[in-house]
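Chains as they are written, first to last, in this note's numbering: chain A, 6 to 206; chain B, 124 to 759.
Ideal Cβ placement from N, Cα and C applies to all residues, glycine included.
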């Protein structure tokens, strides 16, 4: 058989960013999670209309301490994650490993600070009233993002530390950073809505 | 990075088809089922399972029609009737309509765009198992008399803890969790596959309309399904851990449920309908022997429908006493969506009118679709008017309307599509005679079943009543509908006989029995595990009707699972990527998630249990196993 052909054997075997299918997969996951979170936030604003005062009478606004500390921790963690992201694109194992270890610790710190919020700093429980239910749902959903993201960070860290690294592992590390950015950005949104909104709305 | 189109002879480098078949295939038997990473075998399983649920939902419909055939019947009591109509709706929407469309999509899309597999083959298998576990859960519950009974949209407060004690509604809420995970997985799969794995030359403006339809559908799934996940999670929490999302006594709001539900529920209709338009465009073009009339208008209509579909949800809530301005907005939006649907209908008619028609059974189904769907669309436009809507709200008029749009708009094209692609799936031709008979019987049975329901609804018969008194005057219409249902059932049996007959003794089909234009017909029937020995290139959306002799892709390895990844817009080749093979872990992850979700019906610890099981199984899933990926390992 003689046919013209398009020879692709010289093409690279990995790619980063929007060129990589995995990047699109993570963007899809972020779109799904982001839509879900936005709908819960919309529900929070929708139910706001059922109360004269917000938070409802008898409920204090949530304390700012632990939540603000968590916001600062997560914002600071962007810096090592950006370094991981860049080092992964250059396929440098050392910086990726160190950076992921640091971000994993930040993830654990975030979860610790979140526990403090659930332990009383919210000044309401999920069954206090509809306001309490929504505050707990917003923080609970976001806690799942932090847990998922931290488990992923730890898993990729373990794969890289274990040795026998493949080039596509760097694509994983790079794409994984995207979900961490999402986790940080959504905490900023939840913080503004739940902690500042309770004072401003 | 683009590739220079080097012309060279490939006679001296034939690919090793045996090696390709080995690495892209799956082990035989149960192990293959559990571990498969082949999009075609997962899809076939998906389709058979979804049709299985369709049959079960159909049996429930038959029981309802038997019960309503005559006034004062007592085939089933009110409690069982409530479970039956809830299970019928939930099964048809969540276990049949959405899954079957995505299943056909994950089979056909990779072939139509000229690639070897979907982008995340293990994820694909995971989605199937989650779907199956969810479907089995709800049906086992139904058999044990704990089937959901608050309607397929589970309105609160009826579905809340106060009026629905017990576990029936919780089963429904978790059915949602299962099927939404499965639907979202398939949607991401279709989007990434479509954007990144198209063969060289298939720029977006050369993508077949069916692929466009699946792409728009997948986007709608991504933005609509989270609403029902959020809503059903809130409902489950209200019932299990005393939250107050929908409890007005504590500041919650039952209308919040309706907003969230229909923000999903209305796009859902288009999630079911848009793939069907893809079937129709494909089949009409093939049997009219010409490219579809108005390709660009068709694509824009699909996209417009995708957007407008999100602006209509409140028209399900006209009876809740909304502000008039809001109602007017949604009336306008509801009427506006008739425009892109109308454009598509006119393009199909123009294609049929100007083509050289070959009247075969799949095309008959599409013609039936156009007739029934237009009727259903018209009653839809009628209901966009608030005064009319309030008159017929919750009556059989609505039942008639949505069966016209769902059976007419989705099931008829689907049956046509199954007949159309059966030669590709099986390598054998269906019987034309049986195909025509099944169409004729289904068409008559359908209209006899559902047309009288318009009149019953206008006559005041409410939906979801388990019986009625003779004095209501509804007996004749109901009897006709029940006779129609029996005819409809016969039509489905004829269709099934045709499928079974095709699989056992259909004539060999050959690669392209219909003379169609899209790439799935450029390979054998059924396709080999690797789809194409050489990835094709295209220069038109009707690739196989293009006169030019197109080059094929060489240089992809045939000893490891390698795919060609291309640019999202213009499909220029970008890189070669190793694709994961079969694995047991997706199945185990589905089982772990299933255990967690089902336990969460009884205790909130189910969430923790599920999370731990998923963390373990996902680690197993992603842990590198030193499989050859064709890539040199860097030194540690």
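Just so you know, the alpha carbons of residue 459 of chain B and residue 409 of chain B end up roughly 30 Å apart. For residue 699 of chain B, the chain A residues whose Cβ falls inside 7 Å of its Cβ are 13, 16 and 18, in order along the chain. Sorting B:657, B:723, B:730 and B:728 by C-alpha distance to the C-alpha of residue 238 of chain B places B:657 at the top. The C-beta of residue 34 of chain A comes closer than 8 Å to at least one C-beta of chain B. Rounded to whole angstroms, the separation of the alpha carbons of residue 196 of chain A and residue 168 of chain B is 45 Å. Around the beta-carbon of residue 700 of chain B, 16 or more other beta-carbon atoms lie within 10 Å, marking it buried. Proximity of residue 349 of chain B to chain A, defined by a Cβ-Cβ separation below 8 Å, is satisfied. Residue ranges of uninterrupted alpha helix (DSSP H) with 4 or more members, entirely inside the segment 695-741 of chain B and ordered along the chain, are 708-722. For residue 422 of chain B, the closest of B:724, B:349 and B:333 by C-alpha to C-alpha distance is B:333. For residue 162 of chain B, there are no C-beta contacts with chain A under 8 Å, since the nearest C-beta of that chain is about 14 Å from it. If you look at residue 11 of chain A, you'll find it in the beta strand (DSSP E) that goes 10-12. By the C-beta density criterion, residue 147 of chain A is buried, having at least 16 other C-beta atoms within 10 angstroms.
For the segment 309-330 of chain B, the beta-carbon criterion of a distance under 7 Å to any beta-carbon of chain A is satisfied by 311, 314, 315, 318, 319 and 323. Using a Cβ-Cβ cut-off of 8 Å, residue 367 of chain B counts as an interface residue toward chain A, since at least one Cβ of chain A sits closer than that to its own. Near chain A, meaning a CB-to-CB distance below 9 Å, the residues of the segment 224-253 of chain B are 242, 243 and 246. When the Cα atoms are used, residue 448 of chain B and residue 41 of chain A turn out to be separated by approximately 27 Å. Among the CB atoms of chain B, one or more fall inside 8 Å of the CB of residue 40 of chain A.
Shown here for residue 52 of chain A: same chain residues with a beta carbon closer than 8 Å to its own, the five before and five after excluded, namely 135, 136 and 139 in chain order. For residue 687 of chain B, the enclosing beta strand (DSSP E) starts and ends at 685-689.
With fewer than 16 other beta carbons inside 10 angstroms of its own, residue 735 of chain B counts as exposed. If the five residues before and after residue 78 of chain A are omitted, its C-beta is found closer than 8 Å to the C-beta atoms of 111, 114, 115 and 118, all from its own chain and listed in chain order.
In the three-state reduction of the DSSP assignment, residue 233 of chain B falls in the helix class. The segment 412-420 of chain B makes contact with the segment 662-669 of chain B; the number of CB pairs closer than 8 Å reaches 3 or more.
Along the segment 286-367 of chain B, the alpha helix (DSSP H) occurs as fully enclosed runs of 4 or more residues at 291-319 and 332-363, listed in sequence order.
For the C-beta of residue 185 of chain A, not a single chain B residue is nearer than 7 Å; the gap to the nearest is close to 17 Å. Chain-order list of chain A residues neighbouring residue 682 of chain B: empty, with the shortest C-beta distance near 13 Å, by a criterion of under 8 Å. At a cut-off of 8 Å between beta carbons, residue 181 of chain A makes no contact with chain B.
Taking C-beta separations shorter than 7 Å and ignoring five residues to either side along the sequence, the partners of residue 203 of chain A in its chain run 59, 60, 66 and 67, following chain order.
If you draw a 10 Å sphere on the C-beta of residue 75 of chain A, you find 16 or more other C-beta atoms in it, and that means buried. By the Cβ test, the segment 13-32 of chain A is in contact with the segment 696-711 of chain B, since at least three Cβ pairs between them sit closer than 8 Å.
With a threshold of 8 Å between beta carbons, residue 29 of chain A makes contact with chain B.
Of all residues in the segment 76-100 of chain A, those with a C-beta nearer than 8 Å to a C-beta of chain B are 96 and 98, reading in chain order.
Taking residue 93 of chain A as the centre and dropping the five residues before and after it, the same chain places the C-beta of 101, 175, 178 and 179 closer than 6 Å to its C-beta, in chain order. Just measuring C-alpha positions, the residue of B:718, B:651 and B:392 sitting nearest residue 143 of chain B is B:651.
As DSSP reads the structure, residue 631 of chain B sits in a beta bridge with B:551. Three or more beta-carbon pairs separated by less than 8 Å link the segment 210-225 of chain B to the segment 298-312 of chain B, which places the two stretches in contact.
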